[in-house]
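Just so we're aligned: the sequence shown equals residues 1 to 165 in the UniProt record's numbering.
Built from N, CA and C at the ideal position, the CB exists for glycine as well.
Data block below; observations after.
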Amino acid sequence: MTGTRSAVSRREALTQLIRSHAIGSQRELVQLLADFGFRVTQGTVSRDLVEIGAIRIERGGDLVYAIGNSDLAGPHKLARVIADLLVSAEASGNIAVLRTPPAAANYLASALDRAALHEVIGTVAGDDTVLVVTRDPRGGQKFAARVLAMSGMVSAQSVSELQEG
């Protein structure tokens, strides 16, 4: 039980550090956690970052860790995540390929998964790319157009043209 309590308190400390400091590396997090009495390896920090939903974002020209919203299921929250992270969207058949900034694809895929969109069978995330598999054999283009509209990257008229094309 001590290990679990320690992991929980360590993750709480990690969350507070990320929210209160501009932290750019896991090495920096290891050092800051040591200042709080947590002796951890970079591997432990890496796993904890995934567990707390941390992502790297650009702030002032630097990549720093940030804590995302843990409840990504609502459509407005999904739209906000897409607007914040989507760089581009393309499609082929029933697959939509979504591009994000480096290290953000997992967060976007998780948001899509939690939204439980009926037309989506599943997602696969890399570092900066999310593959979205749709139920409709030709649904990739429609889904790509939908996320582009949610991101604000295209107008409603452009979305209609994309869906028809």
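Buried or exposed, going by whether 16 or more other CB atoms sit within 10 Å of the CB of V45? In the sequence shown, counting from the first residue as 1, residue 45 sits at position 45. So V45 ends up on the buried side.
Check for me: the beta strand (DSSP E) holding G140 runs from which residue to which? Locating residue 140 in the sequence shown gives position 140, where the first residue counts as 1. Note, G140: premise wrong, no beta strand (DSSP E); alpha helix (DSSP H) at 139 to 151.
I need the boundaries of the beta strand (DSSP E) containing T100, first residue and last residue. Taking the sequence shown and counting its residues from 1, one reaches residue 100 at position 100. Segment: none, T100 is in no beta strand (DSSP E) and carries neither H nor E.
Please classify Q42 as buried or exposed, where buried requires at least 16 other C-beta atoms within 10 Å of its C-beta. Residue 42 sits at position 42 when you count from the first residue of the sequence shown. So Q42 counts as exposed.
R10 vs L32 beta-carbon contact at 8 Å: On the sequence shown, position 10 is the one that residue 10 refers to. On the sequence shown, position 32 is the one that residue 32 refers to. The answer is no: Cβ separation not under 8 Å.
Would you mind stating whether R22 and R59 have Cβ atoms separated by less than 8 Å? Walking along the sequence shown from the start, residue 22 turns up at place 22. Walking along the sequence shown from the start, residue 59 turns up at place 59. It should be pointed out that residue 22 corresponds to Ala in this sequence rather than to Arg. Yes.
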